[in-house]
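Position in the sequence shown counted from 1, then plus 2, gives you my numbering. Note that beta-carbon positions come from the ideal geometry of N, C-alpha and C, so glycine has one too. Computed from a prediction, not measured in an experiment: that's the story for all the values here. A short write-up of the structure that comes next.
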Amino acid sequence: MENTNEDIDIALYDLKDFIVKNDAELDEGITFELIIENRAKPYVERRKVESKTLIANSIQYQEDYDYKMSELTQNVVNFFKEFATCLDKNKEKLKQTEINFQVSLANCGDHHDDIIQNQEDELSKKVNEMERAIHHVMLNEKLQECFDLLD
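Printed below as a string of structure tokens:
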């Protein structure tokens, strides 16, 4: 039997009924109602108040616990949501960086190819000038120009 307030009232009534049915002997001036009023009623009332307090405290604890768990769960969900958002942004940045790197690499390659082609053209021109040099002084000058170009 659960000790609800109604159960306690029923138990009190059953006690009174038990005392009356068993013809308990009472001192003069003392009634069953007086005995119950003086001895059982304060205990019953105290237990009713205690049970109400315990129930109210347990409900309050459960509500606090529920609120804290809800808040904790929400914080965890928000953390992973923000983490996923940052991860997606970083993936996009990584893709863009890779694209930019490939474009820069291609531009450097093109620029390098242009520089090499210009140097080869200039070197070929200097070699032709060396081939047409009339004397060794002019040949040495053209050779020095070729070395300067290669450096």
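Pull up the distance between the alpha-carbon of residue i and that of residue j, whole angstroms please.
i    : j    : result
V139 : H113 : 36 Å
F85  : N109 : 36 Å
K144 : K128 : 6 Å
F103 : D116 : 20 Å
D11  : S53  : 14 Å
T87  : F81  : 10 Å
L74  : K93  : 28 Å
L107 : H137 : 46 Å
L141 : G111 : 34 Å
G31  : V46  : 24 Å
A58  : N40  : 28 Å
T55  : I61  : 10 Å
D19  : F34  : 9 Å
E100 : D123 : 34 Å
D90  : S72  : 27 Å
With a threshold of 8 Å on Cβ separation, who are the neighbours of residue i within its own chain once the five nearest residues in sequence on each side are excluded?
i    : result
L125 : C148, L151 and L152
A42  : L14 and L17
N77  : none
With a 10 Å radius around its C-beta and 16 neighbouring C-beta atoms as the bar for buried, classify residue i as buried or exposed.
i   : result
K95 : exposed
Where does residue i sit, in a helix, a strand or coil, going by DSSP?
i    : result
T75  : helix
D150 : helix
R134 : coil
T33  : coil
N109 : helix
N24  : coil
Using a Cβ-Cβ cut-off of 7 Å (strictly less than) and excluding sequence neighbours within five positions of residue i, which residues of its own chain qualify?
i    : result
R49  : I10
Q146 : none
E131 : K144
Within its chain, find whatever has a CB closer than 6 Å to the CB of residue i; leave out the 5 residues flanking it on each side and keep chain order.
i   : result
Q64 : none
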